[in-house]
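Student: Numbering (the working numbering), first residue to last: 15 to 730.
Here it is, the structure in full.
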C-alpha cells in the first residue's frame, strides 16, 4: 500500500469526521491511536474504516507517534491532528499519490494554514511543515511535545545521535488547514494547559533548552500569561543558535509579546537587528512598523511597512507567517499612516485598494470613512463611497453602519442599524455592535431606546467574555437614565445593571445622589471611596464622549476633584474651545497651569495659525513640566516637538516675507531652497505624533460641530 494517514486522538468527536472525510478518497490506510476517549471518537474513526489502536496516554507525543509508526503497513505516511483537514479537491490527493510513486525524496513538506478566527476570511497563520515521509527509512519522532521527526545514526533504540529530517515542498498543491489555535477552541479543549504541563516537565530536566523554552513561551501566550512568556522567549533567544530552524519564528513571537506588553523600545531594538538577518521575512517588518508607529515615528514606520511589502514578493522562504503580513496588512497600515499625516489622496487610494483585495476588512471601511470625512465630504457622500466599496458583500451593511457610527455620522448610520435590527434576534448581536447601535441612538437623542438595546446584551452569551463592552454598556445605561433626571432601577432582574457587584451599586447610588441631588443614605467612608472616585471619573469622561455635557458638568459640580479631568476630557473629545475657556479661567484665578494645559493651549493656537503665541505657550509648558513630578508620560516630549513645529512655521513665514532674494543660495549644504528644507523638517516633526489624535467623531467637534458645549463658555 502506498499512503497511510496517522492520528493521535482523545475526545475529538466534534472534529474527527471532518478530518477523516478529507483524506478518505486518497488514503490506503487510516490509523487512529485513541488515548482514552469518552465520547464517540472511536466509533467515528471506525465508520471511516480506520484501524483504531487503544493506547495509554503518558504525556509524550513522540512515544505515541512512534508506536503508531510500528503499526504502519504503507510505504508513505501522512501525519495529521484531529483538528486538521486536507483542503483540496480529490484530484489534488491523486496528484499527491502520483508524486509519492516517483519522487526520489524520503520526506516532503506541505503548506499549513492555521485559522485564528471562525470567519473563513479572518486572520490566519501560514507555514510549511514536514508531514509526509517514508515509513521504511528508520525515521522516528523525538520530543514529548511539538515532536520532531529525526533519523538516528544507528537504529531507533541503540543510538543517541540523531539528525533532523527535512525535505522539499510537495508539488501536489496539498494544503492542510487547522483551527485548533482559535481562542475558543484552546479554552474548550484545555490544550494550552496540557502543553504547559508537559513542557514544564521537560524544562525541569533541560532548563536551558532553547526549543523547550520557546514552546513554553507559546503555551504561556495561549494561557494569557504574557509576562512569563516574554521571559521564556528572551531566555530562548539568548540560548539558541543562529541556524536553528525555529529561530525566525521565535523572534516573531517575542516581538509580538513585547508589543502586547507595550515594551515598544525593546521591540524596536530587537527588530532593527533581526530584520537585517531575516531580510525576506515580511512579518518582522510588519511588527517593526507597528513598534515604530507605537513610538510615534510614522515616517520610519511607513518605511518598515514598505519593506514588508517588498519581502512578501520573495517566495518560498518557508517562514511561519501571518496571512497578508506583506500584503493587505502592510497596505492597510500604510494607508492609516498616510491618513494620520493628512495625505488624504494617497490614503484614500490605498484604502480602496485594500478593500478590492479584501472586501470584508473592517479597518478598510473605517479608514476610508475617516479619510472622506477629513476631506470634508458629507455623511451621505461618505455612505455612497462605502457602499461602492462593499458592492454585494453580505456583511457590507453592517460594516458600513459600524464605520459611519465611528465617525459620528449617527443620522446616516441609524437607518442601517434599524434594518439590521429588523432581522437579527437579540442573542445574535455581537456586544460591539450593540454598543455602536446604542451610540447612534444616543447621538440622535433616543436615550431610552438606547438603554433598552444595551440591556439586550444579557441575552447573548458573547457578553460573558467581553468585559470591556459590558462596562461600556453599563455606563451608557447609567448615563442615559441620569441625563433624563431619572434614578437607576437596580431592582429589575432583567437589566444589565444586575450584573454589578453590591459595592458598585452602592457607589453608583452615592454618585447619583450627589449629581441629581437625591436623598440617599450616606455611603460608608472606608473602602468604597477609592471606587467612587474611579467610577466618577469614568462616568464623567464617558458623558463627555457621548456629548452629555450638561450631565458631565453636573458631575463636576458635585465633585470638584473632577475639574481638571473634565477639562482634559473636553479637549480630547474635540471640545477644544470649551476646554480652552476653562483653562483660561483657571489661569486667571490661580496664575498657574500644568504642562498638559500649556500643551493644549499651544496646540489650539497652532491650529489657528498663531505660531508665535503657540511657541510661547509651548515654552512655558516645557519649563513647568520639567519641574513637575507627576506630569503625564510624554508631555514634555510633545511640548518640545510642538515648540519645534511652531518655530519652523515662523521661519517659513519669515521666508515668505523676505521673498526669493532672502533664500541662501550660496551655501553648498543647502542644495534645495530653504523653504523646501523647512517643510521637510516640519513634516518629520509632525510625523512624530505630538498633536492630539482626534477620531472622526471628535474631529467633527473640533471643526465646529460642538454647539452643545456653548453653555460651558458663558459667564455664570
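Just so you know, even glycine gets a beta-carbon here, dropped at the ideal spot from N, CA and C.
Grab the span of the beta strand (DSSP E) containing residue 294 for me, first residue to last.
Tutor: First-last for residue 294: undefined, no H or E at that position.
Student: Can you give the Cα-Cα distance for residue 214 and residue 158, rounded to whole angstroms?
Tutor: Computed Cα separation, rounded: 11 angstroms.
Student: Taking residue 616 as part of the alpha helix (DSSP H), name the residues at either end of that continuous run.
Tutor: 609-621 is the extent of the alpha helix (DSSP H) around residue 616.
Student: Taking C-alpha atoms, which residue in 530, 498, 549 lies nearest to residue 517?
Tutor: It is 549.
Student: Taking all protein chains shown into account, do 16 or more other C-beta atoms lie within 10 angstroms of the C-beta of residue 445, making it buried, or fewer, making it exposed?
Tutor: Buried, because 16 or more other Cβ atoms sit within 10 Å of the Cβ of residue 445.
Student: If you run the structure through DSSP and keep just helix, strand and coil, what is residue 141?
Tutor: Reduced to three states, the DSSP call for residue 141 is strand.
Student: Out of 624, 356, 376, which one is the CA nearest neighbour of residue 657?
Tutor: The shortest C-alpha separation from residue 657 is found at 624.
Student: So residue 645 packs on residue 610, CB below 8 angstroms; how close in whole Å?
Tutor: With a Cβ gap of about 7 angstroms, residue 645 and residue 610 count as contacting.
Student: Under 9 angstroms between the Cβ atoms of residue 368 and residue 387?
Tutor: The answer is no: Cβ separation not under 9 angstroms.
Student: Buried or exposed: where does residue 104 fall if 16 or more other Cβ atoms within 10 Å of its Cβ makes it buried?
Tutor: Exposed: under 16 other Cβ atoms inside 10 Å.
Student: Look at the Cβ atom of residue 413, then the Cβ atom of residue 404, and state whether they are nearer than 9 angstroms.
Tutor: Result yes, Cβ atoms of residue 413 and residue 404 sit closer than 9 angstroms.
Student: By Cβ distance, which residues of its chain are closer than 6 angstroms to residue 231, with the 5 residues on each side in sequence left out?
Tutor: The residues are 243, 246, 247.
Student: Enumerate in chain order the residues of its own chain whose CB-to-CB distance from residue 551 is below 6 angstroms, with the five nearest sequence positions on each side excluded.
Tutor: So the qualifying residues of the chain are 579.
Student: Would you mind sorting residue 23 into buried or exposed? The rule is 16 or more other CB atoms within 10 Å of its CB.
Tutor: Buried, since its Cβ has 16 or more Cβ neighbours within 10 Å.
Student: Let me know the alpha helix (DSSP H) ranges lying completely inside the region 558-584, each 4 residues or longer, listed in chain order.
Tutor: You should have 563-572.
Student: So, with DSSP's three-state summary, where would you put residue 422?
Tutor: Correct three-state label for residue 422: coil.
Student: I'd like to check one pair, residue 382 with residue 400: are the Cβ atoms closer than 9 angstroms?
Tutor: Against a cut-off of 9 angstroms, the Cβ pair of residue 382 and residue 400 comes out as a contact.
Student: Mind reading off the beta-carbon distance from residue 183 to residue 115? Whole number of angstroms is fine, and I expect it under 8 angstroms.
Tutor: With a Cβ gap of about 18 angstroms, residue 183 and residue 115 do not count as contacting.
Student: Could you give the distance in angstroms between the alpha-carbon of residue 108 and the alpha-carbon of residue 433?
Tutor: Going by the C-alpha atoms only, they are around 48 angstroms apart.
Student: Over the uninterrupted alpha helix (DSSP H) stretch that includes residue 319, give me the two end residues.
Tutor: Residues 312-326.
Student: Is DSSP giving residue 116 helix, strand or coil here?
Tutor: Three-state DSSP puts residue 116 in a helix.
Student: Based on the DSSP secondary-structure assignment, which residues constitute the bridge partners of residue 286?
Tutor: The partner list for residue 286 (beta bridge, DSSP) is empty, contrary to what the question assumes.
Student: If distances are taken between C-alpha atoms only, which option among 43, 27, 69, 71 comes closest to residue 57?
Tutor: When only C-alpha atoms are compared, the closest one is 27.
Student: With residue 47 as the anchor, note down where its alpha helix (DSSP H) starts and where it stops.
Tutor: Where residue 47 is concerned, there is no enclosing alpha helix (DSSP H), although the beta strand (DSSP E) it sits in stretches over 43-48.
Student: Does DSSP put residue 87 in a helix, a strand or coil?
Tutor: Of the three classes helix, strand and coil, the one that applies to residue 87 here is coil, per DSSP.
Student: As a quick exercise: from 562, 324, 111, 126, pick the residue whose alpha carbon is nearest that of residue 98.
Tutor: Closest by alpha carbon: 126.
Student: Helix, strand or coil: how does DSSP classify residue 460 here?
Tutor: Note: residue 460 maps to coil in three-state DSSP.
Student: Note down, one range per segment and in chain order, each beta strand (DSSP E) of at least 3 residues found wholly within the region 180-224.
Tutor: If we require 3 residues or more, the beta strand (DSSP E) runs fully inside the region 180-224 come out as 189-192.
Student: Within its chain, find whatever has a CB closer than 8 angstroms to the CB of residue 666; leave out the 5 residues flanking it on each side and keep chain order.
Tutor: 689, 692, 693, 696.
Student: Relative to the C-alpha of residue 651, which candidate in 635, 89, 378, 724 has its C-alpha closest?
Tutor: It is 635.
Student: Give the single residue among 569, 707, 142, 205 whose Cα lies nearest to the Cα of residue 181.
Tutor: It is 142.
Student: Compare the Cα-Cα distances from residue 195 to each of 138, 520, 162, 223 and report the closest residue.
Tutor: Per the Cα distances, 138.
Student: Once DSSP output is grouped into helix, strand and coil, what is the label at residue 335?
Tutor: Three-state result, residue 335: strand.
Student: Mind reading off the beta-carbon distance from residue 722 to residue 561? Whole number of angstroms is fine, and I expect it under 8 angstroms.
Tutor: Right, the Cβ-Cβ distance comes to about 6 angstroms (below 8 angstroms), so this counts as a contact.
Student: Could you give the distance in angstroms between the alpha-carbon of residue 605 and the alpha-carbon of residue 615?
Tutor: Straight-line Cα distance between these residues: approximately 15 angstroms.
Student: Which residue marks the beginning of the beta strand (DSSP E) containing residue 63, and which one marks its end?
Tutor: No beta strand (DSSP E) contains residue 63, which DSSP labels as neither H nor E.
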